[in-house]
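*Asks:*
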Ligand code: 5GP
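What follows is the structure, encoded as structure tokens:
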């Protein structure tokens, strides 16, 4: 997605540990136009695929899942990282290792929001080692739902997440694929079109 790649080049910053900081348009401040374009692009890429619900993970996946959900006209469910008092006790849970924070946390989804046999599209902001998405896939399988695909805003191709997901036979559509962040330079798998 050219506009996304251009924005990453313009406003993305590289941090230690192969982290791309995109706080000014994705992770902290959000650009609504770009977010809606991203939602439409997910809709176009998964056109013709049966999607009953979108599943994402708080916090950064929600905006993009919502924009996609608008086009698919389906509900958006997000896994919670903190189970508060407003959450029912009947939950599906999975443990996730956080790449950016280097800690483990538990994600939860109320059983009432996922029904057996539903076709899910999983959406997240980044794909690195695949742990967040694997946690969501685990929850989908507990709920006896089918994962029809995974939509990622930014994939870091040099980390194993996409290979792991594809080896499980899951279709992954990433809107910007980064091949390298070495030498403080952002290199995409497919170069920007001139
Ligand atoms: P994974 O579970 O695939 O290892 O990592 C995915 C999660 O870690 C994403 O939900 C995202 O929040 C975070 N993440 C991984 N790599 C990056 C990165 O380079 N930049 C940012 N901003 N977040 C990242």
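Residue numbers (my numbering): 1 to 194. Quick reminder that beta carbons are idealized off the backbone N, C-alpha and C, glycines included. For clarity, every value in this text was computed on a predicted model and none was experimentally measured.
(1) Which of the three DSSP states, helix, strand or coil, is assigned to residue 92?
(2) Report yes if the C-beta of residue 164 is less than 7 Å from at least one heavy atom of ligand 1; otherwise report no.
(3) Would you call the CB atoms of residue 42 and residue 161 closer than 8 Å?
(4) Apart from the five residues on each side of it in sequence, which residues of its chain come closer than 6 Å, Cβ to Cβ, to residue 145?
(5) Consider the C-beta atom of residue 156 and the heavy atoms of ligand 1; say whether any pair is separated by less than 7 Å.
(6) Can you give the Cα-Cα distance for residue 103 and residue 38, rounded to whole angstroms?
(7) Counting only runs that start and end within the stretch 132-162, where is the beta strand (DSSP E) found for 3 or more residues in a row?
(8) Using three-state DSSP, classify residue 70 as helix, strand or coil.
(9) Could you check whether the Cβ of residue 93 sits closer than 7 Å to any heavy atom belonging to ligand 1?
(10) Using a Cβ-Cβ cut-off of 6 Å (strictly less than) and excluding sequence neighbours within five positions of residue 108, which residues of its own chain qualify?
(11) Using the beta-carbon count (16 or more within 10 Å), is residue 128 buried or exposed?
(12) Give me the Cβ distance between residue 130 and residue 181, rounded to the nearest whole Å; I'm assuming they're in contact under 8 Å.
(13) Return the residue from the list 48, 112, 126, 178 that minimises the CA-CA distance to residue 143.
(14) Just to confirm, are residue 49 and residue 169 a CB contact at a threshold of 8 Å?
(15) Can you tell me where the alpha helix (DSSP H) holding residue 124 begins and where it ends?
(16) Is residue 182 near ligand 1 - that is, is its Cβ less than 7 Å away from at least one heavy atom of it?
(17) Tell me whether residue 53 sits in a helix, a strand or coil according to DSSP, three-state version.
(18) If you count every other CB in all the chains shown that lies within 10 Å of the CB of residue 196, and 16 or more means buried, which is it?
(19) By Cβ distance, which residues of its chain are closer than 8 Å to residue 1, with the 5 residues on each side in sequence left out?
(20) Taking the alpha-carbon positions, what's the residue 183 to residue 141 distance?
(21) Check whether the Cβ of residue 172 lies closer than 7 Å to any heavy atom of ligand 1, and answer yes or no.
*Replies:* The relevant details are as follows:
(1) As a working note, residue 92 is residue 92 in the chain shown. In the structure shown, the three-state DSSP call for residue 92 is strand.
(2) Here residue 164 corresponds to residue number 164 of the chain shown, with the count starting at 1. Incorrect: residue 164 has no Cβ contact closer than 7 Å to ligand 1.
(3) Working through the chain shown from its first residue, we reach residue 42 at position 42. Working through the chain shown from its first residue, we reach residue 161 at position 161. Not in contact: residue 42 and residue 161 (Cβ atoms no closer than 8 Å).
(4) As a working note, residue 145 is residue 145 in the chain shown. Residues 114, 118, 120 of the same chain have their beta carbon placed closer than 6 Å to that of residue 145, with the five preceding and five following residues left out of the count.
(5) Taking the first residue of the chain shown as 1, we reach residue 156 at position 156. Result yes, Cβ under 7 Å from ligand 1.
(6) Reading the chain shown from its first residue, position 103 is the one you call residue 103. Reading the chain shown from its first residue, position 38 is the one you call residue 38. Straight-line Cα distance between these residues: approximately 29 Å.
(7) Fully enclosed beta strand (DSSP E) runs of 3 or longer: 146-156.
(8) Here residue 70 corresponds to residue number 70 of the chain shown, with the count starting at 1. Here residue 70 sits in helix by DSSP.
(9) On the chain shown, residue 93 is found 93 positions in, with the first residue counted as 1. Flag unset: Cβ of residue 93 not near ligand 1.
(10) Against the chain shown, residue 108 aligns to sequence position 108. Excluding residues within five positions, the ones whose Cβ falls inside 6 Å are 80, 83, 91, 93.
(11) Here residue 128 corresponds to residue number 128 of the chain shown, with the count starting at 1. Around the beta-carbon of residue 128, 16 or more other beta-carbon atoms lie within 10 Å, marking it buried.
(12) The residue given as residue 130 occupies position 130 in the chain shown. The residue given as residue 181 occupies position 181 in the chain shown. No, residue 130 and residue 181 are not in contact; Cβ-Cβ is about 18 Å, not under 8 Å.
(13) Sequence index remark: in the chain shown, residue 143 carries index 143 (1-based). Ranked by Cα distance from residue 143, the first of 48, 112, 126, 178 is 112.
(14) Taking the first residue of the chain shown as 1, we reach residue 49 at position 49. Taking the first residue of the chain shown as 1, we reach residue 169 at position 169. Remark: C-beta atoms of residue 49 and residue 169 do not approach each other more closely than 8 Å.
(15) Translated into the one-based positions of the chain shown, residue 124 becomes position 124. Not the alpha helix (DSSP H): residue 124 falls in the beta strand (DSSP E), residues 119-127.
(16) Residue numbering aside, residue 182 sits at position 182 when the chain shown is read from its first letter. No, the Cβ of residue 182 stays beyond 7 Å of every heavy atom of ligand 1.
(17) As a working mapping, residue 53 is identified with position 53 in the chain shown. Assignment of residue 53 by DSSP, reduced to helix, strand and coil, places it in the strand class.
(18) The shown model of the chain, from 1 to 194, leaves out residue 196, and the question about it has no answer.
(19) What you label residue 1 is simply residue 1 of the chain shown in a count that begins at 1. Closer than 8 Å at the Cβ level, and outside the excluded window around residue 1, lie 37, 38, 41, 175, 176.
(20) As a first step, residue 183 must be located in the chain shown, where it is residue number 183. As a first step, residue 141 must be located in the chain shown, where it is residue number 141. Rounded to the nearest angstrom, the two C-alpha atoms are 40 Å apart.
(21) The residue labelled residue 172 in the question sits at position 172 within the chain shown. With a cutoff of 7 Å, residue 172 does not count as near ligand 1, since its C-beta is closer than that to no heavy atom of the ligand.
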